[in-house]
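Taking it in order: structure first as structure tokens, then the write-up.
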Amino acid sequence: MDFLRPASWEEALAAKAEHPTAVPIAGGTDVMVEINFDHRRPEYLMDLTRIGDLYEWEVGRDTVRLGASVPYATIMEQLRPELPGLALASHTVASPQIRNRGGVGGNLGTASPAGDAHPALLAAGAEVEVESVRGSRRIPVDDFYTGVKRNALAPDELIRAVHIRKADGPQQYSKVGTRNAMVIAVCAFGLALHPQTRTVRTGIGSAAPTPVRAKAAEDFLNAALEEGGFWDNGKIITPSVAKQFADLCAAACNPIDDVRGTASYRRHAVGVMARRTLTWTWESYRGAHRTTEGAA
Amino acid sequence: MPTNGVPTKITQGSGTKGGIGESTLRPDGTLKVTGEFAYSSDMWHEDMLWGQILRSTVAHAEIVSLDTAEALATPGVYAVMTYDDLPAEVKHYGLEIRDTPVLAHGKVRHHGEPVAIVAADHPETARRAAAKIKVEYRELPVITDEASATAPDAVLIHEHRDDHHIGHVPHPNIVHRQPIVRGDVTSARGRADVIVEGEYTFGMQDQAFLGPESGLAVPEEDGGVHLYIATQWLHSDLRQIAPVLGLPEDKVRMTLAGVGGAFGGREDLSMQIHACLLALRTGKPVKIVYNRFESFFGHVHRHPAKLYYEHGATADGKLTHVKARIVLDGGAYASASPAVVGNASSLGVGPYAVDDVDIEAIALYTNNPPCGAMRGFGAVQACFAYEAQMDKLAARLGMDPVELRQRNAMEQGTLLPTGQPVDSPAPVAELLRRVKAMPLPPERQWESSEGADVRQLPGGLSNTTHGEGVVRGVGYAVGIKNVGFSEGFDDYSTARVRMEVVGGEPVATVHTAMAEVGQGGVTVHAQIARTELGVDQVTIHPADTRVGSAGSTSASRQTYVTGGAIRHACELVREKVLDLGRRKLGSYHPAWAHAELLLEGGKVVTDGGEVLADLVDVLGDEAVEVEEEWRHRPTEPFDLRTGQGNGHVQYSFAAHRAVVEVDTELGLVKVIELACAQDVGKALNPLSVVGQIQGGTTQGLGMAVMEEILVDPKTAKVRNPSFTDYLIPTILDTPTIPVDVLELADDHAPYGLRGVGEAPTLSSTPAVLAAIRAATGLELNRTPVRPEHLTGTS
Amino acid sequence: MRVNFTVNGRPQQADDVWEGESLLYVLRERLGLPGSKNACEQGECGSCTVRLDGVPVCSCLVAAGQAEGREVVTVEGLADFARQRACGSDGTGGVCGTSLDEARAWQARGTDSQAGGNVELSPVQQAFIDAGAVQCGFCTPGLLVAADEMLERNPSPSDADIREALSGNLCRCTGYEKIMDAVRLAAARQSEGV
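Residue numbers (our numbering), protein chains in the order written: chain A, 11 to 306; chain B, 1422 to 2215; chain C, 30 to 223.
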């Protein structure tokens, strides 16, 4: 095993081009466990923690450019207004020690269906900025997950940042685990209301081979909200609409039975989380809606 | 601390500071908070090698071939050993039945069984070499439950059994069977107005001590070996290790290294023999440290069980009879299975007075992971089931569950189903009363002016509910655990106590082989010496095999038995010191000859308080030393057909009240509070006693809602051998645990004390389950209960 | 490979480090600092918690090479670290004589130490002993590093704050109640001492 320590992003890209099998390591949450337990013996380990750029973020007009290694603790503490869903998701990551070191780049690189950040990224809408010596490209997060622990990266590419749409409405995130800390999701659900575009987006974790959106549920809800004039009148969403949305979210799952839970439970729990997060976000939207009206 | 009842007998003046009854601080505390305390995995030796174990990847198979050539040729590798390299005639070990091969011979019987061992100059070299060992298996059908174990054509897990249980078991795949028959259940059933039946499942729990199995074996010049090891019983290890090494016991020296928790999981050997074999083979010190994955294969677990119960009662809530069948899965090797069977059967009705009882308990041999000792063994599994039955019975009778329990609670003088009278206080009804009387935590604590505080809700920071679906439930349970080794075992300990003047002060040194595993035995030993010898300074000698056996740190027995041995040795030292005083100074004061003399505050004083001499002057240059064995009252084996016999020496009782909030839609449980009342006889160190109760309670909580080793029923392979998927409670899952300690002296025990460590683990689990049943209305016949069980999605 | 970094204020060098070794392994097996514990080696227990450039992390998940040039504080250096913090490393700190905490610490110590003698402890270390938060002690070093860092950030934590900050540290012996007591005690003594 060789240990590569690129001092800059350019050096990292060059090293990755030269050694496409090199395994990038930043927070170490996934890679070190695999090494400690003899599950993996990469030829090259490439340390990315010396590349300052990966730890920076920038709040733009519509998006936040989040460096791949910005720790979850920072996202929780500094980016809650812009990225509320991701901030909530970050707070459910493992433990304070892990949140101090792990970042979204690791979740994306590993592309486990159980990664905590994925549902929040899917719901908010995001693009993954990847780069190689051949150049840079942005992959919509919807297209990023290609299979169980597989992603759209080419062998010579590295994840540099994620461009996440700034919240234009309430966002929520729920995760079911059988313990209150240090737990891998049995399943998770992210929901974002986008009042500007009058759409909702969802993200489901740990209930299919990859993180997925519940598109049929989104389409249904978008239509129902539009039809009932809900975005304008700020009415309470009817229980039947909420139930239909929840059922469609559950139907979007393609889960398995494993040591963490049954497929049947996962489908059920995603439905419950969908209904609840819809209620919370919508209540919050209505609250803001009323406040705005009151102020006007 | 509330106390009531019989005042405790103190044989010595209690005027010395830091004696029994005080919350003195741990003598090893400073080392433990500075990181200097040397645990077994911290051992280091110049030029040491690292040992690695190759384990079976299948649960049941013949070993067709085994090729170590490539591993041995790896640079940096010093030795590779298999069964064929074992040096002595003896190639098996075991706590009671010597059925466990040191390295697999021709056959593996469970997933993760040691097949070969490697020593190399770096752990990675050892791992790579182990991976190069080629093992060819021919798989055999796996036996995973009672039906497959006792089927007429079942493969025998052990083909050539010659242990002392084989004569009375109905099938060679049953390790041990113990019936307990008293009265006449058939006619008692006729008197019952109500009968409830239940079938219960108890999952496989892991001790999950944090310090992994580890140790350092150093070869010695005389051809022997010195092993620095974390264990629960040095002399039991020694008895099993030496024959396999082909060495007399005096050439295997053992010193207790720091023990990072045990909870029963270190009663059996793990890497001890392997490290010694490699050290003797290579002539170099060998260190072995399991990682967490390996640890799940490296020690026995708590027996999973199926329990079938029938309880009958009259309309006014008096138990008429209990009939039960308890099937414990012992896995591939016997370990402590026979004793687990003895506890489960003899304590199978719980702390209740019942005249007509018919219980059968068995332990199976299967290809599942070997199971053995864990905190409260046998009694824990039974308590889960009989307490569920008591709730079921109360519901059927329309009676308050606490009242039903109190109405049937045993008391001093009650006969156990074994016919043995309970001859010390048994405050079962009182413990229930106390735990019920504690104020309940306020409802809906999550509500705040800023909305729901998710940290107070089921799911916590995972943000799954803001109060939706949340229902509170309250549940009770009480249990009985035997203290000390039962069934005729010669249960003794040895203490060496020395008194001398060091640096102008009288100092007592206490030397025992007691394994301090975190429980605080060393703290209590010093307290006993202070009380008995009236000195301030006590040195606790490191535990090793240069002193006689202390017995095991298990069965809640060490404060009783080794504490008793220390007190006894101190009494003998005191007599010798007083004799010395009489010889040296007796002529100066008539009280030397006539008064009752005590040692207090470094002085010899009369019972009237008059000071006769300083211990410094009495001792002068002399050292007074005594090494003595001490044993508790003898017990008898249970009759193999009726289970009758005075099998136990003491009992420990605890009761719990659990308050839970359940998100009934998602099946997530938050335990809000888990209150405990326990009788400890006499709290030698109140702070440590409460710590034991809270720790035991939390392990029971884990068993109720999250902890389970999952074994694939088709392959008998362990599915979750990691801390990622075997979950134990974090600080966010653990509620406040108010503790009410009762001190009713047991006159048969030193200072009236009662073993403390295990009882709280018994009733904690069923109390939580009862509370979840109360919140959900579900029957819940298994533990742990997972979200799918609460949502109909399993 | 060779790795250079600072541990508890002292420059350290480790040679012949295998590239797959963790910082935890290097601390324990190469630098003679076994205080950080190896309970799970998968980031699920917190026993190996150290501060890496000030931040609590699981040292089992830090590749040794990633520590190059960094500053590490382990439990072995915690008392010194806390003392320097109390004195104010910026030179504006208070008096560095015997503090109230220290005075109390001397008094509270038992007399039957097996070894170790009169070591100067940080407030949180002393509180763990006094409150009975130590049983087997294997989780203790990691908990101390995490608790000390929390009290540095949040001198008057609520119970919920304490639980959240320590949620990455498993303890199997105590049921956490005495650990809660210890952190509350350390916080109270800390605020008294100011």
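We treat Cβ as the ideally placed atom computed from N, Cα and C, and that holds for glycine. Quantities reported herein were computed from a predicted structural model and do not represent experimental measurements.
Integer-rounded CB distance, given that residue j should sit under 8 angstroms from residue i
i	j	result
Pro2171(B)	Gln2099(B)	Not quite, the Cβ-Cβ distance comes to about 18 angstroms (not below 8 angstroms), so this is no contact.
Ile2152(B)	Leu195(C)	5 angstroms
Gln181(A)	Gly95(A)	3 angstroms
Arg2175(B)	Ser2073(B)	5 angstroms
His2053(B)	Asp1912(B)	6 angstroms
Within chain B, the residues that residue i reaches when beta carbons sit closer than 8 angstroms
i	result
Glu178(C)	Ordered by position in chain B, no residue passes the 8 angstroms Cβ test against Glu178(C), which lies about 15 angstroms from the chain.
Pro63(C)	Gly1456, Ala1459, Tyr1460, Ser1462, Asp1463 and Trp1465
Leu60(C)	What Leu60(C) touches in chain B: nothing, since even the nearest Cβ is about 11 angstroms away.
Residues near residue i in its chain [Cβ-Cβ closer than 8 angstroms; skip 5 each side]
i	result
Gln42(C)	Arg31, Val32 and Asn33
Pro1759(B)	Glu1517, Ile1518, His1586, Val1596, His1597 and Ala1784
Leu1659(B)	Glu1670, Val1673, Met1675 and Thr1966
Val46(C)	Met30, Arg31, Val32, Val55, Arg59, Ala93 and Gly94
Val124(C)	Summary for Val124(C): the model assigns pLDDT 47, below 50, so the residue's position carries little reliability, and this model does not support an answer.
Chain E within 8 angstroms of residue i, Cβ atoms only
i	result
Lys159(A)	Absent here is chain E; the protein component of the structure consists of chains A, B and C.
Burial state of residue i, where buried means 16 or more other Cβ atoms lie within 10 Å
i	result
Lys225(A)	exposed
Ala1509(B)	exposed
Lys26(A)	buried
Ser49(A)	According to the sequence displayed, residue 49(A) carries His and not Ser. The residue in question, His49(A), is exposed, as its Cβ has fewer than 16 Cβ neighbours within 10 Å.
Ser1869(B)	exposed
Arg211(A)	buried
Tyr1981(B)	buried
Pro1573(B)	exposed
Leu1861(B)	exposed
Asp1689(B)	buried
Tyr1621(B)	buried
Tyr2009(B)	exposed
Endpoints, the alpha helix (DSSP H) within which residue i is located
i	result
Cys2097(B)	Cys2097(B) -> not in any alpha helix (DSSP H); beta strand (DSSP E) instead, spanning Leu2089 to Asp2100.
Thr1952(B)	Gly1942 to Leu1954
Gln1810(B)	Ala1800 to Leu1818
Phe110(C)	Leu107 to Cys116
Chain-ordered neighbours of residue i on chain B, where CB pairs are closer than 7 angstroms
i	result
Ile7(A)	Here chain A comprises residues numbered 11 to 306, so residue 7(A) is not present and cannot be evaluated.
Residue span of the beta strand (DSSP E) that contains residue i, given as start and end
i	result
Cys263(A)	Cys263(A) -> no beta strand (DSSP E), and no H or E assigned at all.
Gly1733(B)	Ala1726 to Ala1734
Val1968(B)	Run containing Val1968(B): none; DSSP gives neither H nor E here.
Val2081(B)	Gln2071 to Asp2084
Close Cβ partners of residue i (< 6 angstroms) along its chain, the five nearest in sequence each way excluded
i	result
Asp2146(B)	none
Leu90(C)	Gly72
Gly1426(B)	Residue placement at Gly1426(B) cannot be trusted, given a pLDDT of 38 that sits under 50; the coordinates are not used to answer.
Arg75(A)	Glu68, Ala171 and His173
Ala176(C)	Val153 and Val212
Ala1745(B)	Tyr1730, Gly1769 and Ile1780
Glu2017(B)	Asp2028
Lys2024(B)	Val2032 and Asp2035
Arg2194(B)	Leu2201
Gln1827(B)	Ala1850 and Leu1853
Contact list for residue i against chain A, beta-carbon separation under 8 angstroms
i	result
Ser196(C)	Ser105, Pro106, Asn190, Ala191 and Met192
Beta-carbon neighbours of residue i, restricted to chain C and to distances below 9 angstroms
i	result
Glu1545(B)	Trp47, Gly49 and Glu50
Partners in chain C for residue i, counting only beta-carbon separations shorter than 7 angstroms
i	result
Asn46(A)	Ser51, Glu70, Gln71 and Cys89
Val1680(B)	Cys165
Ile1474(B)	Correct list: empty, because the minimum Cβ distance to chain C is about 16 angstroms.
Sequence-distant residues of the same chain with beta carbon closer than 7 angstroms to residue i, five excluded per side
i	result
Arg90(A)	Ala97
Proximal chain C residues relative to residue i, where beta-carbon distance stays under 8 angstroms
i	result
Ile169(A)	Within 8 angstroms Cβ-Cβ: nothing; Ile169(A) doesn't reach chain C, min ~18 angstroms.
Where residue i meets chain A, residues with beta-carbon distance less than 7 angstroms
i	result
Pro85(C)	Pro106, Gln107 and Asn110
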